[in-house]
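Before any comments, here is the structure.
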DNA sequence: AGCAATAAAGATAATTATTACTAACTTGCT
DNA sequence: AGCAAGTTAGTAATAATTATCTTTATTGCT
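Next up, the structure:
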C-alpha cells in the first residue's frame with residue numbers, strides 16, 4: 001500500500017477538463033480550457049482549471065509543452081513527439097517523431113551521473129500559415 | 001542602410017549584465033543577475049536587468065533556456081547544446097552535443113512547410129547531487 | 001569644453017499568470 | 001440519510017515581468 005497515494009473522488013468538472021485538453025491539437029493554456037468549458041459549465045472557476053491541470057500533469061495524464069509567451073501550454077497527447085512553436089503567431093504544432101538519438105541520451109546520462117526521466121524537443125521558427133501571406 | 005536598426009549607446013551596466021551572464025554556468029534568472037551585480041552597482045535597478053536581458057536575447061547575444069519553475073533562465077553560451085533540468089533542485093546543467101538528427105529536422109521542416117530557425121532539447125530528471133545523499 | 005539630441009537607467013506603478021485560502025458543495029461509503 | 005474526505009467557486013494574495021515617467025548618461029557636433 002502506498003501511503004503517498006491520495007484517494008481521489010470523481011468530479012464531473014475534472015473529467016471535462018481532461019476531455020477538453022484531449023480533444024484539441026492546439027496545446028491549450030489554462031485560460032483556453034476555461035473559456036472552452038465555461039458555456040457548458042457556467043459556474044466553472046479558473047482556479048479549478050489550474051488545479052486540475054497541475055494534477056494531471058503531475059501524475060502524467062497530460063504533459064506540459066512548456067511556457068510559451070508567458071503561458072503554460074498543455075498537451076493531452078503523451079506519446080513521444082516533438083513540438084514546433086511559431087515565433088510569429090505563437091501556435092504550437094506537433095511534429096511526428098522524436099528526432100533524438102536515444103542511445104546517446106542514455107550514454108550521456110550515465111556519464112554525467114544523471115537520471116533522465118524525460119526530454120522534449122522544442123523547435124522555433126515560422127509556421128506555414130505565417131510564412132504564406134496572412 | 002537598414003531603417004529597422006536602432007542606434008545603441010554604450011552602457012556600463014549593460015556590459016556588466018552581459019558579463020555576468022557569460023561568467024556563469026548556472027543559467028541565471030534576471031533576479032540572480034540583479035543580486036550578483038548589486039554590490040558593485042548599488043543603484044542598479046531590476047528593470048534594467050530585465051530590459052537588457054530581453055534585448056540581448058532578442059539580438060541573439062544570449063539565449064533563453066526557457067521558463068523553469070516560473071522564472072526565465074538565460075544562457076551566455078550560444079553554441080548549440082542541450083540542457084538538463086533537475087526536477088528536484090531546479091538546477092540547469094549543460095549537456096555537450098546536440099543529440100538531434102539535424103537532417104531529419106530539415107526534412108520535416110520542408111515536408112510541413114515550416115521555417116525552422118532554432119531548436120532546443122530539454123531533458124528532465126534528477127541531477128547527480130540530488131541523487132546521492134543531500 | 002559646452003551643448004543639444006537621443007538612449008538608458010531608476011523608481012515605481014501596472015499587468016498578468018498562477019497559487020493560496022476559505023466556506024459551501026459533492027462524492028463514497030455505511 | 002449521515003458522516004468523512006475530497007472538490008469547487010469566489011476571491012484575495014503572490015510573484016515574475018512589463019510599462020511608465022522622470023532623471024541621468026552618452027554621443028556627436030561646434
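Protein chains in written order, with this note's numbering: chain A, 1 to 134; chain B, 1 to 134. Note that beta-carbon positions come from the ideal geometry of N, C-alpha and C, so glycine has one too. Being a predicted model, the structure only gives us computed values, none of them experimental.
Give a yes or no on whether 7 Å exceeds the smallest Cβ distance from residue i to chain B.
i                      : result
residue 119 of chain A : yes
residue 125 of chain A : yes
residue 113 of chain A : yes
residue 104 of chain A : yes
residue 116 of chain A : yes
residue 44 of chain A  : no
residue 99 of chain A  : yes
residue 128 of chain A : yes
residue 37 of chain A  : no
residue 131 of chain A : yes
Going along the chain, which residues of its own chain have a beta-carbon closer than 6 Å to the beta-carbon of residue i, five neighbours each way excluded?
i                     : result
residue 62 of chain A : 21, 56, 74 and 76
residue 98 of chain A : 80
residue 70 of chain A : none
residue 95 of chain B : 82 and 84
Report the CB separation of residue i from residue j in whole angstroms; it is logged as a contact under 8 Å.
i                      : j                      : result
residue 88 of chain B  : residue 130 of chain B : 4 Å
residue 123 of chain B : residue 81 of chain B  : Actually they do not touch by this definition, with Cβ atoms about 11 Å apart.
residue 67 of chain A  : residue 66 of chain B  : 7 Å
residue 105 of chain B : residue 116 of chain B : 6 Å
residue 19 of chain B  : residue 41 of chain B  : Their Cβ separation, rounded to whole angstroms, is 12 Å, which puts residue 19 of chain B and residue 41 of chain B out of contact at 8 Å.
With 16 as the cutoff for other CB atoms within 10 Å, does residue i come out buried or exposed?
i                      : result
residue 108 of chain B : buried
residue 48 of chain A  : buried
residue 52 of chain A  : buried
residue 72 of chain B  : buried
residue 43 of chain B  : exposed
residue 120 of chain A : buried
residue 2 of chain B   : Summary for residue 2 of chain B: the model assigns pLDDT 49, below 50, so the residue's position carries little reliability, and this model does not support an answer.
residue 78 of chain A  : exposed
residue 46 of chain B  : exposed
Counting contacts by CB-CB distance shorter than 7 Å, is residue i in contact with chain A?
i                      : result
residue 66 of chain B  : yes
residue 95 of chain B  : yes
residue 1 of chain B   : Low confidence applies here, because residue 1 of chain B scores a pLDDT of 41, under 50, leaving its location unreliable and the question unanswered by this model.
residue 108 of chain B : yes
residue 122 of chain B : yes
Helix, strand or coil for residue i? Go by DSSP, reduced to three states.
i                      : result
residue 130 of chain B : helix
residue 18 of chain A  : helix
residue 84 of chain A  : strand
residue 115 of chain A : strand
residue 8 of chain A   : coil
residue 98 of chain A  : coil
residue 64 of chain B  : strand
residue 122 of chain B : strand
residue 92 of chain B  : strand
residue 74 of chain A  : strand
residue 45 of chain A  : coil
residue 3 of chain B   : In this prediction, residue 3 of chain B has a pLDDT of 48, which is less than 50 and means its spatial position is unreliable; nothing more can be read from the coordinates.
residue 57 of chain B  : helix
With a CB to CB cut of under 8 Å and the five nearest residues on each side skipped, what residues in its chain are close to residue i?
i                      : result
residue 50 of chain B  : 30
residue 17 of chain A  : 33, 37, 48, 49, 52, 53 and 56
residue 127 of chain B : 84, 86, 88, 89, 91 and 93
residue 28 of chain A  : 20, 21, 36, 73 and 74
residue 64 of chain B  : 57, 72, 73, 74 and 75
residue 60 of chain A  : 78
residue 8 of chain A   : none
Within its chain, find whatever has a CB closer than 7 Å to the CB of residue i; leave out the 5 residues flanking it on each side and keep chain order.
i                     : result
residue 38 of chain A : 44
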